[in-house]
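Presented below is the structure to which this report refers.
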Amino acid sequence: MLKDLITKNIPKKFQDTLFVRYFGLTKVPLIFFVGPTVVRLDDEQCIVKIPLNRRTKNHLNSMYFGVLATGADLAGGLVAMKEISESKKKVSLSFKDFHAEFLKRAEGDVHFVCTQIPEIKKFVKDVIASGERMNFPVHIEAFVPSVGVEPVAKFILTLSLKLKN
Numbered sequence: 055m056l057k058d059l060i061t062k063n064i065p066k067k068f069q070d071t072l073f074v075r076y077f078g079l080t081k082v083p084l085i086f087f088v089g090p091t092v093v094r095l096d097d098e099q100c101i102v103k104i105p106l107n108r109r110t111k112n113h114l115n116s117m118y119f120g121v122l123a124t125g126a127d128l129a130g131g132l133v134a135m136k137e138i139s140e141s142k143k144k145v146s147l148s149f150k151d152f153h154a155e156f157l158k159r160a161e162g163d164v165h166f167v168c169t170q171i172p173e174i175k176k177f178v179k180d181v182i183a184s185g186e187r188m189n190f191p192v193h194i195e196a197f198v199p200s201v202g203v204e205p206v207a208k209f210i211l212t213l214s215l216k217l218k219n
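For the sequence shown, the numbering used here assigns the number 55 to the initial residue and increments by one for each residue that follows.
This is the structure:
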C-alpha cells in the first residue's frame, strides 16, 4: 500500500533517493549521514551525488576519502540492490574487495558514475539462476562537475552476490 502510494505520487528520481536514504537510515547509518542523492538511474548510467559539507569534508576542505568510498559503494551497488528488490528473491550482496585511485582533491559536490548497468542487471539474473556465489568487478568514476570534467577518483569494487536458501 505505502509502496503503491510512493510509486504513483513521487517522481522516479526522488523514489531512488528515498530508497537509498531509507536503506541508510535502517541498515547503514553512515550512508544516511552523508546525504546522497540519486541524480540518474536508468539503463545507461547510475549517478549518485554526495555534497561537500561539514559532514563530508576533511581538514583540507576536500571530501574525506571514507566518504568517497561510500559514494563508490552506492554507485556500484544501487543497480544490483534495485534489481534484487524487483526480483523478490533473497540475495546476499557484499563487496569482496575495493581498489581506489585518488587523482585529485575533491573540492566540491562529487558525482559517482557507473556505466555498467546492463552488465550488472545480467549479473544479478545469472546469480539468481545459478544459485552460486559469483563475483563481478564494477568500475566507478568520481567527478566534481563544478570544477571540471576530469575524474577526481577511480574505483573498482568486486560485487559479490549469492542467492540465499
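Ideal placement from N, C-alpha and C gives every residue a C-beta, glycine not left out.
*asked:* Taking DSSP's pairing of strands, which residues face D151 in a bridge?
replied: Taking the sequence shown and counting its residues from 1, the one referred to as residue 151 is at position 97. According to DSSP, D151 bridges with T212.
_Cα-Cα separation, T116 to V206_ = Mapped onto the sequence shown, residue 116 falls at position 62. Mapped onto the sequence shown, residue 206 falls at position 152. The amino acid occupying residue 116 in the given sequence is Ser; Thr does not appear at that position. Straight-line Cα distance between these residues: approximately 11 Å.
*Which first and last residues belong to the alpha helix (DSSP H) in which L72 is found?*
As a first step, residue 72 is located in the sequence shown; it is residue number 18 there, counting from the start. That run of the alpha helix (DSSP H) goes 66 to 80.
*Figure out for me which residue from S184, F197, A129 has the closest Cα to the Cα of F156.*
By 1-based counting over the sequence shown, the position of residue 156 is 102. Of the candidates S184, F197, A129, the one whose C-alpha sits nearest the C-alpha of F156 is F197.
*asked:* If I measure Cβ to Cβ from T91 and keep anything under 6 Å in the same chain, skipping five residues before and after, which residues do I get?
replied: As a position in the sequence shown, residue 91 is number 37, starting the count at 1. Around T91: T71, K103.
_Three-way DSSP call (helix, strand, coil) for L95 in this model_ = Reading the sequence shown from its first residue, position 41 is the one you call residue 95. Three-state DSSP puts L95 in a strand.
*asked:* Please return the same chain residues whose Cβ sits closer than 7 Å to the Cβ of T61, not counting the five positions on each side in sequence.
replied: Along the sequence shown, one-based indexing puts residue 61 at 7. These residues qualify, in order along the chain: Q69.
_On the DSSP letters alone, give me the boundaries of the beta strand (DSSP E) that V164 sits inside._
Within the sequence shown, numbered from 1, the residue matching residue 164 stands at position 110. 164 to 168 is the extent of the beta strand (DSSP E) around V164.
*In chain order, what residues of the same chain have a beta carbon less than 7 Å from the beta carbon of F119, not counting five sequence neighbours either side?*
To locate residue 119, count along the sequence shown from 1; it is residue 65. The residues are F156.
*Would you kindly work out how many angstroms separate the C-alpha atoms of Y76 and P65, rounded to a whole number?*
Position 22 of the sequence shown, counted from the start, is the residue given in the question as residue 76. Position 11 of the sequence shown, counted from the start, is the residue given in the question as residue 65. Answer to the nearest angstrom: the Cα atoms are 16 Å apart.
*Please look up how many angstroms separate the CB atoms of E195 and K208, rounded, as I've assumed it's under 8 Å.*
Stepping through the sequence shown from its first residue, residue 195 is reached at position 141. Stepping through the sequence shown from its first residue, residue 208 is reached at position 154. The Cβ separation is near 5 Å, so the contact holds.
*Considering only residues of the same chain and omitting the five flanking positions on each side of V88, which have a CB-CB separation below 7 Å?*
Your numbering for residue 88 matches position 34 in the sequence shown. Around V88: I104, R109, T110, V121, T124.
_Counting C-beta neighbours from all protein chains within 10 Å, is the total for F190 16 or more, i.e. buried, or is it exposed?_
Here residue 190 refers to the residue found at position 136 when the sequence shown is read from its first residue. That one is buried.
*Spatial neighbours of D151 within its chain, please: CB distance less than 7 Å, with the 5 preceding and 5 following residues excluded, ordered by chain position.*
As a working note, residue 151 is residue 97 in the sequence shown. Contacts found: T212.
*Quick one: what does DSSP say L128 is sitting in, helix, strand or coil?*
For the purposes of this step, residue 128 is identified with residue 74 of the sequence shown, where counting begins at 1. L128: helix per DSSP, three-state reduction.
*Taking Cβ to Cβ, would you say E204 is nearer than 8 Å to V178?*
Within the sequence shown, numbered from 1, the residue matching residue 204 stands at position 150. Within the sequence shown, numbered from 1, the residue matching residue 178 stands at position 124. No, the pair does not count as a contact, with Cβ atoms beyond the cut-off.
_In the DSSP output, which residue or residues are listed as bridge partners for M188?_
Within the sequence shown, residue 188 is the residue found at index 134, counting from 1. BP columns for M188 point to L215.
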